[in-house]
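Heads up: the sequence shown begins at 145 in my numbering, then just goes up one per residue.
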Amino acid sequence: MNDELTPEEKEALKDVASKLGSFEKQRGNLIPILQMVQEKLSYLPTQAIKVVSEHLEIFESEVYGVATFYNQFRFHPPGKHPIKVCLGTACHVRGGGIILENFERKLGIHYGQTTPDREFSIEKVACVGCCALAPVAIIDETVHGHMAPSKVEGLLMRIEIEKEMEERARIKDESCG
Ligand code: FES
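Structure representation (structure tokens):
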């Protein structure tokens, strides 16, 4: 994963640093601070962990230790196309784990991670409420039911094709404008 912050994230980090002053330097404030950081940046980049550890005067490893204990915190930016694979009971029984592995293999990342170009991220989630369609994956906001390993490549390919088409349309618009 590329650890470089985008210009927008750099701005958000400055905002985080200025808001830290309103939190007293107490360990008990760590969770609310991390929540504030994630709200601003959508995840907890290493640069933000450093700023938080300096503010609270505790080791970065301690900040990580606490943050990794809670599922609510992300350590990678969400991809442009977030993929959520359901591993609730019905999906798990019907091969949700194999679907997850297929996405991981095709994209070369593990769940909880984001591709270096930030196009895709993978998460595993608990029951999303449509067990009759198990196993289920959600890409962007669209639910894909009765998933099979053979469908994984097709779905990713469809996104790539749509992206190419958008890019071509954009270039055409620019050359016509
Ligand atoms: S267990 Fe996956 S939708 Fe319910």
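Ideal Cβ placement from N, Cα and C applies to all residues, glycine included.
The structure displayed is predicted, hence computed values, not measured ones.
| Asked | Found |
| --- | --- |
| Cβ distance (whole Å) where Lys184 is taken to contact Leu231 below 8 Å | Rounded, the Cβ-Cβ distance is 29 Å, inconsistent with contact. |
| Beta-carbon proximity of His288 to Thr258, cut-off 7 Å | no |
| Validate contact between the region 244-254 and the region 194-213 using beta carbons, cut 8 Å, 3 pairs | no |
| Beta-carbon proximity list for Met145, same chain, < 7 Å, skipping 5 on both sides | Note that Met145 scores 48 on pLDDT, short of 50, meaning its location in the model is unreliable; the coordinates nonetheless yield the value given after this. Excluding sequence neighbours, Met145 sits near His220, Gln257, Thr258 and Pro260. |
| For Ile243 and Val189, believed in contact at Cβ under 8 Å, the rounded distance | Val is not the amino acid found at residue 189; the sequence shown has Pro there. With a Cβ gap of about 29 Å, Pro189 and Ile243 do not count as contacting. |
| CB of Lys224 within 7 Å of CB of Glu263, strictly | yes |
| Which of helix, strand or coil DSSP assigns to Lys194 | helix |
| DSSP three-state assignment for Lys163, whether helix, strand or coil | helix |
| Member of Met291, Leu164, Gly273 and Asn215 whose CA lies at the smallest distance from the CA of Glu198 | Leu164 |
| CA-to-CA distance, Glu204 to Ile193, given in whole angstroms | 6 Å |
| Same chain, Cβ closer than 7 Å to Asp159, neighbours up to 5 away in sequence not counted | Lys184 |
| Neighbourhood of Asp284 by C-beta distance below 6 Å, restricted to the same chain and skipping five residues each side | His225 |
| Alpha-carbon to alpha-carbon, Cys271 and Arg314 | 38 Å |
| Pro226 - partner residues in DSSP beta bridges | Ser265 |
| Proximity winner among Gly298, Cys274 and Ile177, relative to Phe217 (alpha-carbon distances) | Ile177 |
| Limits of the beta strand (DSSP E) - the one that Ile282 falls within | Ala281 to Ile283 |
| Exposed unless 16 or more other CB atoms sit within 10 angstroms - verdict on Ile253 | buried |
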